[in-house]
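Here the structure is laid out as structure tokens; the discussion comes afterwards.
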Amino acid sequence: MCGITGFLDPRASDAALLSAQAQRMADTLAHRGPDAEGVWADARAGLALAHRRLSIVDLSPAGAQPMRDHSGRFVITLNGEIYNYEEVRSALPGGTRVWRGHSDTEVLLEAIATWGVTGALERCVGMFAFALWDRETRTLTLARDRFGEKPLYYGVSRGVLLFGSELKALRAHAAFEADIDRQVLDTFLRIGCIPAPHSIYTGIFKLPPATTLRIDAPPGAPLRVGQPASYWSLDGVAPSSAGLEGATERLDHLLQIAVAGQMSADVPVGAFLSGGIDSSLAVALMQEQSPRPVNTFSIGFEEGSFNEAHHAAAVARHLGTCHTGLTVTAADARAVIPGLPSMYDEPFADSSQIPTCLVAKLARTQVTVSLSGDGADELFGGYNRHVLAAQHGARLMRSPYWMRSTAGALLRTFRPSMWDAASRLLPRARLPVRPGEKVHKLAAVLGAQNEAGLYARLVAQYAGPSLVAGVGSVAELPAWPLRDGPDLAARMMRADAAGYLPDDILVKVDRATMAVGLESRTPYLDHRVAEFAFALPREMHVRDGQGKHLLRELLYRRVPRDMLDRPKQGFGVPIDSWLRGPLKQWAADLLAPERLRREGYLDGTRVDALWQTHLSGARDEQHALWSLLMFQAWRPALNRFPA
């Protein structure tokens, strides 16, 4: 795991200046790679590649980057891991090649030299983003892993191609010049993140997952930047005819292979453990294959409705892991907030970023690599929206629109706190956590005109008129498009895997872990596991009112059912009450109408109305407000934050 950056400037030809500029860009990524650094330049082409290293495999100088292949034709700077590099190495044809070390980077280089970029990537299992320079053809190739676990930004500014793991590296180049994209800002305020291929800046993009991008640098001519080309997709996975028992056994086998591959490292390895289905199964599979107790980590909160630490501790005891749990106060959690804008480097407003940062910091005190359960919800039907769509989606869409919209309006007449109070009279077995928030979400969903609108509202954090100055209201919410599938739940799962997962979940985890020099690995996103999951009918994932059926069956073999059967809780913090309490002044300063009018990005009148509605308790607008606050705090003039 590392940080990569570089640039291609046809007008530059001084090797020392190229290297110095690339070094400045790499310095901004020191947190991603605290162990070593390197720069390589091709003065004839105006190219510079830079690397910050977090040493995981082959800790010797033989693993240093940027790295050249044995012929000297290709040079690479790589962020990530190729888990099956030994298998790929053994498949390479023999010859006079002399290996300088045992790093996965060297193997990937030689694979590219043998089979080409696409041929090599098709054989690789891993997470990565890289830039590859072909000295012979004067071609730069950018590539990103299948699910987008590792980030890669790029763009042309003043005739210079810039790229890097984070935007801060691009901003460090003298040629960087870009404005905030107001349409993208509007999308961010609605869904809490910025979907690929967009970035917050005009003309700067994220390379989409599972794509490569070719940039040609012919002598004496402008750069030629191609279009991202896909090398893999889940859309073409053929349906499986496996029965339930056969599918369960096959999945068990695939997950064991994935976990074993991701446990391989030359540094200490552990795992995040929340006590939920996803992380508990991953840890159980790790412990089965480890000769010693696995190091596991969780955090808990003083607020009872947000605390899962006791569930994690119970699972850890049952599995026999070496568990470290930390209970944090509200003040501990709030202390993370001032660093979020710099850490995420682009507006990002999934508030579970706060506990993710805390657990990453805890894990880094003992390990350098930590496995997680991310990706399981998207692949195995784990979100409430998947269950809702499976049980009621078709019937909901067939009911008259006037009836649904009227019902939604009636549900919104009661505050979330009133629904919470009323829910105490109901059985607790299947009652969702924070039911008032869920009821108001349902009320918004009932107003959808069609399936696409229903999905958009389910993933949205804000559904009202645009809060961006100069951007008009839109007919329907911008969101990730529904994908092909046999029913609404399956289409949602595919949309989540292609959009919500890489643009929200994986961004959250990457920035939080990399901020402390921790590598996070996700065995559920082994593409062989994902292809198998998507080949199965939706009924094998969502059934009997619950998602992740196959994962549950595997876990029940290893952990008692009564430790696990409870409503999905998520990984959240009480932003709603904080905004009415200890964060109130900080938020009020950032959202002051006169300030917004002066800055010119946000509509001060609409933002103030939203803020006052939340303060009054009439509606819980924490998600929309958190997006506004993360944008405002991200902007250069940061405001005072309460101690």
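Last residue of the sequence shown? That's 638 in this note's numbering, and every number before it is there in order.
Even for Gly, the Cβ is constructed at its ideal location relative to N, Cα and C.
Bear in mind the structure is a predicted one, so any value in this text is a computation, not a measurement.
So who's on the other strand from T182, going by DSSP bridges? None, per the DSSP bridge assignment.
Quick one: give me the first and last residue of the beta strand (DSSP E) that A43 is part of. A43 -> beta strand (DSSP E) spans 42 to 48.
Give me whichever residues DSSP pairs with A25 in a beta bridge. A25 is not bridged to any residue.
What does a CB cutoff of less than 8 Å around T134 pick up in its chain, not counting 5 residues either side in sequence? Here the set comprises W128, R209, I210, D211, A212.
State whether the segment 497 to 512 contacts the segment 137 to 149, with contact taken as three or more CB pairs (one from each stretch) at a distance under 8 Å. With contact defined as three or more Cβ pairs closer than 8 Å, the segment 497 to 512 and the segment 137 to 149 are in contact.
Sheet register partners of L135 (DSSP bridge): Answer by DSSP bridge pairing, in chain order: W128, I210.
Over what stretch of residues does the beta strand (DSSP E) that includes S274 continue unbroken? Note, S274: premise wrong, no beta strand (DSSP E); alpha helix (DSSP H) at 272 to 283.
Below 8 Å between beta carbons: does that hold for S365 and A358? Result yes, Cβ atoms of S365 and A358 sit closer than 8 Å.
Helix, strand or coil: which one does DSSP assign to G121? Note: G121 maps to strand in three-state DSSP.
For the candidate residues R19, R185, E32, whose alpha-carbon lies nearest to that of A170? Looking at the Cα atoms, R19 is the closest of the given residues.
Can you pull the DSSP bridge partners for M62? Per DSSP, I71.
Distance between beta carbons of L202 and F2, contact taken as under 8 Å: The beta carbons of F2 and L202 sit about 15 Å from each other, so the pair does not count as a contact at 8 Å.
Starting from L239 and walking both ways along the alpha helix (DSSP H), at which residues does that stretch end? It spans 239 to 257 - the alpha helix (DSSP H) in which L239 sits, taken as one unbroken run.
N-terminal and C-terminal residue of the beta strand (DSSP E) that A36 is part of: Start and end: 31 to 37.
Quick one: Cα of S235 to Cα of K356, how far? Whole-angstrom Cα-Cα distance: 41 Å.
Close-in-space but distant-in-sequence residues of the same chain around D491 (CB under 6 Å, 5 per side omitted): So the qualifying residues of the chain are E373.
Neighbour flag for D340 against chain C, beta carbons, 8 Å: Of the chains in the structure shown, none is chain C; there is only one protein chain.
CB contact flag (T182, I189, <8 Å): Yes. Within cutoff.
Where does V364 fall in DSSP's three states? In the three-state DSSP reduction, V364 falls in the strand class (E or B).
Does DSSP put K543 in a helix, in a strand, or in coil? Correct three-state label for K543: coil.
Collapsed DSSP secondary structure at L578 in the structure displayed: Here L578 sits in coil by DSSP.
I'd like the span of the beta strand (DSSP E) that includes S293, first residue to last. Counting along the chain, the beta strand (DSSP E) containing S293 begins and ends at 290 to 296.
Taking the beta carbon of Y396 as the centre, do at least 16 other beta carbons fall within 10 Å, making it buried, or is it exposed? Around the Cβ of Y396, a 10 Å sphere holds fewer than 16 other Cβ atoms; the residue is exposed.
Please report the distance separating the alpha-carbon of G465 from that of E616. Cα to Cα, G465 sits roughly 22 Å from E616.
Using a Cβ-Cβ cut-off of 6 Å (strictly less than) and excluding sequence neighbours within five positions of I71, which residues of its own chain qualify? Cβ neighbours of I71 beyond the five flanking positions: M62, L104, F125, L127.
Under 8 Å, with one C-beta from each stretch per pair, do the segment 572 to 583 and the segment 321 to 329 reach the 3-pair mark? Touching, per the Cβ criterion.
Can you check DSSP and say which residues form a bridge with S515? In DSSP, S515 forms a bridge with S365.
Cα-Cα separation, L49 to D99: Straight-line Cα distance between these residues: approximately 13 Å.
Rounded distance between the beta-carbons of E341 and L162, thought under 8 Å: Going by Cβ atoms, the distance from L162 to E341 rounds to 6 Å, so yes, they are a contact pair.
If you drop the 5 nearest sequence neighbours on each side, which residues of the same chain put their C-beta closer than 7 Å to that of W94? Within the same chain, and ignoring the five residues on either side of W94 in sequence, the residues whose Cβ sits closer than 7 Å to its Cβ are E101.
Beta-carbon proximity list for T109, same chain, < 7 Å, skipping 5 on both sides: Within the same chain, T109 has close Cβ partners L87, P88.
State yes or no: is the C-beta of L13 within less than 8 Å of the C-beta of A43? Taking 8 Å as the cut-off, the Cβ atoms of L13 and A43 count as close.
For S66, tell me which candidate among G58, R92, D482 has the shortest Cα-Cα distance. Sorting G58, R92, D482 by C-alpha distance to the C-alpha of S66 places R92 at the top.
Could you work out which residue in G315, D521, A311, G295 is closest to I349 when comparing CA atoms only? When each option's Cα is compared against that of I349, the closest is G295.
Extent of the continuous alpha helix (DSSP H) run through I349: 348 to 359 is the extent of the alpha helix (DSSP H) around I349.
Report yes or no: do the segment 107 to 121 and the segment 189 to 198 share at least 3 C-beta pairs separated by less than 8 Å? The segment 107 to 121 is not in contact with the segment 189 to 198.
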